[in-house]
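Trainee: What follows is a single structure, and I will ask about it in a moment.
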Amino acid sequence: MIILAKCALALTSTIVVAGVYTFREGVIKIDVDEHRDGGSHVHFWVPAAAVPMAMHLVPKHHFGDIPAEASECLPLLKIVTSEIRHYPDTTFVDVRDGRDHVRVATVGTKIQIDVVNSEENVHVTVPLSTVNDVANQLAADAPGV
Amino acid sequence: MSQLLQRAISQHLARRASVALAAAVLLAPVALYSQSVSITSDSSKSSDRWLHVRVVSTESKNETVRVNVPLDMAEKVLPAINKDRLHNGKVRFNDADMNGVDLKTLLDAVRTAKDGEFVTVQSNDSDVRVAKQNGYMLVHVAEKHFGSGKDAKPTERSRVDVKIPMKVVDALFSAGKDELDLVAALHALSAHGDTELVSVKSDDNTVRVWLDSKNIAD
Numbered sequence: 000m001i002i003l004a005k006c007a008l009a010l011t012s013t014i015v016v017a018g019v020y021t022f023r024e025g026v027i028k029i030d031v032d033e034h035r036d037g038g039s040h041v042h043f044w045v046p047a048a049a050v051p052m053a054m055h056l057v058p059k060h061h062f063g064d065i066p067a068e069a070s071e072c073l074p075l076l077k078i079v080t081s082e083i084r085h086y087p088d089t090t091f092v093d094v095r096d097g098r099d100h101v102r103v104a105t106v107g108t109k110i111q112i113d114v115v116n117s118e119e120n121v122h123v124t125v126p127l128s129t130v131n132d133v134a135n136q137l138a139a140d141a142p143g144v
Numbered sequence: 000m001s002q003l004l005q006r007a008i009s010q011h012l013a014r015r016a017s018v019a020l021a022a023a024v025l026l027a028p029v030a031l032y033s034q035s036v037s038i039t040s041d042s043s044k045s046s047d048r049w050l051h052v053r054v055v056s057t058e059s060k061n062e063t064v065r066v067n068v069p070l071d072m073a074e075k076v077l078p079a080i081n082k083d084r085l086h087n088g089k090v091r092f093n094d095a096d097m098n099g100v101d102l103k104t105l106l107d108a109v110r111t112a113k114d115g116e117f118v119t120v121q122s123n124d125s126d127v128r129v130a131k132q133n134g135y136m137l138v139h140v141a142e143k144h145f146g147s148g149k150d151a152k153p154t155e156r157s158r159v160d161v162k163i164p165m166k167v168v169d170a171l172f173s174a175g176k177d178e179l180d181l182v183a184a185l186h187a188l189s190a191h192g193d194t195e196l197v198s199v200k201s202d203d204n205t206v207r208v209w210l211d212s213k214n215i216a217d
């Protein structure tokens, strides 16, 4: 009986620790709703910690296919994501044009991008640390950065 | 008998202690995580200077653009952008861009001059005024519009006001002869108090660029 209780305790603690580790950096939340008939409705949450881990599994030669324009932005992305987290919640860019609305803001330690127009609604929330990790990894592995 | 009782009590205590320890171990990461989140979100700098840009267009669909950028961040980000003429936070220009005007010499003349009006143009179409006043470089352009009647008075069609601290202008031209040092200008700007830098008002558009210590626009 005691052995069973010990096993249950070990299993529970492993699950909780694994859960805390996985969600320690928050979640990436993506919502896409197309307004047209039969349009896509995509809603998913991914633990942010999973992304840098998954990047390690991508064969290195694929990083060579990153477009030059994207490679040029990586140092910028690294600086912005490491700096932006020192500021309070802020709407950095807000553009409204009739029914179109684009907003880039920080909420806590996450960056939130909202695009709302007559064709679709897109809401993306990503922890800044994840963007920074991904930019660092891409910069380390992409040639010429 | 007493030995058995003692053993049972010690086993009971040991089990309680192990459960308490396990709970502490389980909750520690959660507590640490929540602590780190609160620390990160509280670490905003109150003395930050923010550059705000607001464009309101009434032309078609009431387009509005709002940009809020902390100057500190802009200072760090600009040197990382190396594209076309922008390198290491400096913009390169050549004589052809200036139509033969030696901007540096012109600026030196303005800097050493006393406060006053340098350019005043008043015509039927527009009024232009360039002046130096209380450490600021002021530019004012007003475009006029005449009504259809014979005795119609001119009305202002658009108005542009630019107010730049001279220290910022100095910093802007502190690099080489053919360069504008944007990072130095931003650094000089961050030392200034709340200032409206650019204001454009016309029938269709309103543009405002200003500096303050708030992270939200009006």
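Those sequence lines, one after another, are chains A and B.
Residue numbers are given in numbering that gives the first Met the number 0: position 61 of the first sequence equals residue 60, and the series is strictly consecutive.
Residue numbers are given in numbering that gives the first Met the number 0: position 164 of the second sequence equals residue 163, and the series is strictly consecutive.
Heads up, the beta-carbon is just placed ideally off N, CA and C, and yes, glycines get one too.
Can you pull out the residues from the region 59-80 of chain B whose beta carbon lies closer than 8 Å to at least one beta carbon of chain A?
Mentor: Ser59, Lys60, Asn61, Glu62, Thr63, Val64, Arg65, Val66, Asn67, Val68, Pro69, Asp71, Met72, Lys75, Val76, Ala79 and Ile80
Trainee: What runs of the beta strand (DSSP E), each 3 residues or longer, lie entirely inside the region 44-124 of chain A?
Mentor: The region 44-124 of chain A contains these whole beta strand (DSSP E) runs: 90-96, 99-106 and 109-115.
Trainee: Expressed to the nearest angstrom, what Euclidean distance is found between the alpha-carbon atoms of B/Arg128 and B/Glu142?
Mentor: Locating residue 128 of chain B in the second sequence gives position 129, where the first residue counts as 1. Locating residue 142 of chain B in the second sequence gives position 143, where the first residue counts as 1. Put simply, the backbone Cα of B/Arg128 is about 12 Å away from that of B/Glu142.
Trainee: What residue range is occupied by the uninterrupted alpha helix (DSSP H) comprising B/Leu196?
Mentor: Locating residue 196 of chain B in the second sequence gives position 197, counting from the first residue. From DSSP, B/Leu196 is part of no alpha helix (DSSP H) but of the beta strand (DSSP E) over Thr194 to Ser201.
Trainee: Rounded to a whole number of angstroms, what is the C-alpha to C-alpha distance between B/Gly218 and B/Val182?
Mentor: There is no way to answer for residue 218 of chain B, as the model of chain B reaches only from 0 to 217.
Trainee: Let's test the definition: count the other Cβ atoms within 10 Å of the Cβ of A/Leu56 and tell me whether it reaches 16, buried, or not, exposed.
Mentor: Here residue 56 of chain A is taken as the residue at index 57 of the first sequence, counted from 1. When all chains shown are included, A/Leu56 counts as exposed.
Trainee: Assuming A/Pro51 and A/Thr129 are in contact, meaning their beta carbons sit under 8 Å apart, how far apart are those beta carbons, in whole angstroms?
Mentor: Stepping through the first sequence from its first residue, residue 51 of chain A is reached at position 52. Stepping through the first sequence from its first residue, residue 129 of chain A is reached at position 130. The Cβ separation is near 7 Å, so the contact holds.
Trainee: DSSP has B/Leu50 in a bridge; who is on the other side?
Mentor: In the second sequence, residue 50 of chain B corresponds to position 51, counting from 1. Beta-bridge partners assigned by DSSP to B/Leu50: B/Val68 and B/Leu210.
Trainee: Straight-line CA distance for A/Leu127 to A/Ile110?
Mentor: Residue mapping note: residue 127 of chain A aligns to position 128 of the first sequence, counting from 1. Residue mapping note: residue 110 of chain A aligns to position 111 of the first sequence, counting from 1. Cα-Cα distance, rounded: 6 Å.
Trainee: Tell me whether B/Arg156 counts as near the ligand PLP, meaning its Cβ is closer than 6 Å to at least one heavy atom of that ligand.
Mentor: In the structure shown, the ligand PLP is absent, as is every other ligand, since no ligand is present at all.
Trainee: Evaluate A/Glu118 with the Cβ neighbour count: other Cβ atoms within 10 Å of its Cβ, from every protein chain shown; 16 or more gives buried, anything less gives exposed.
Mentor: The residue you call residue 118 of chain A lines up with position 119 of the first sequence. A/Glu118 should be labelled exposed.
Trainee: Measure the C-alpha to C-alpha separation of B/Lys200 and B/Val138 and round it to an integer number of angstroms.
Mentor: Translated into the one-based positions of the second sequence, residue 200 of chain B becomes position 201. Translated into the one-based positions of the second sequence, residue 138 of chain B becomes position 139. Cα to Cα, the separation comes out at about 14 Å.
Trainee: Answer yes or no: does any C-beta atom of chain B fall closer than 7 Å to that of A/Gly18?
Mentor: Translated into positions along the first sequence, residue 18 of chain A becomes position 19. Chain B contact via Cβ: absent.
Trainee: So is A/Val130 in contact with chain B if we call contact Cβ pairs under 7 Å?
Mentor: Working through the first sequence from its first residue, we reach residue 130 of chain A at position 131. Judged by the 7 Å Cβ criterion, A/Val130 is not in contact with chain B.
Trainee: Pick out whichever of B/Asn123, B/Met136 and B/Asp150 has its Cα sitting closest to the Cα of B/Phe117.
Mentor: Mapped onto the second sequence, residue 117 of chain B falls at position 118. Looking at the Cα atoms, B/Met136 is the closest of the given residues.
Trainee: Kindly give me the distance between the Cβ atoms of B/Leu210 and B/Leu188, rounded to whole angstroms, as I take these residues to be in contact under 8 Å.
Mentor: Against the second sequence, residue 210 of chain B aligns to sequence position 211. Against the second sequence, residue 188 of chain B aligns to sequence position 189. The Cβ separation is near 6 Å, so the contact holds.
Trainee: Distance check for A/Val106 and A/Asp32, CA to CA, integer angstroms please.
Mentor: For the purposes of this step, residue 32 of chain A is identified with residue 33 of the first sequence, where counting begins at 1. For the purposes of this step, residue 106 of chain A is identified with residue 107 of the first sequence, where counting begins at 1. Distance between the alpha carbons of A/Asp32 and A/Val106: 22 Å.
Trainee: Return the first residue and the last residue of the alpha helix (DSSP H) that A/Ile2 is part of.
Mentor: Translated into positions along the first sequence, residue 2 of chain A becomes position 3. Segment Ile1 to Phe22, the alpha helix (DSSP H) holding A/Ile2.
Trainee: Could you tell me whether the Cβ of A/Val114 comes closer than 7 Å to any Cβ of chain B?
Mentor: Walking along the first sequence from the start, residue 114 of chain A turns up at place 115. Chain B contact via Cβ: absent.
Trainee: Quick check: is the beta carbon of A/Ile78 nearer than 7 Å to any beta carbon in chain B?
Mentor: Working through the first sequence from its first residue, we reach residue 78 of chain A at position 79. Chain B, which has a Cβ nearer than 7 Å to the Cβ of A/Ile78, makes this yes.
Trainee: Could you check where the alpha helix (DSSP H) with A/His34 kicks off and where it finishes?
Mentor: Here residue 34 of chain A is taken as the residue at index 35 of the first sequence, counted from 1. No alpha helix (DSSP H) holds A/His34; DSSP gives it neither H nor E.
Trainee: Count the other CB atoms within 10 Å of the CB of A/Val79; is the residue buried (16 or more) or exposed (fewer)?
Mentor: In the first sequence, counting from the first residue as 1, residue 79 of chain A sits at position 80. The residue is buried, with at least 16 neighbouring Cβ atoms inside 10 Å.
Trainee: May I have a chain-ordered list of the beta strand (DSSP E) segments no shorter than 3 residues that lie completely inside the region 91-162 of chain B?
Mentor: 115-121, 125-132 and 135-144
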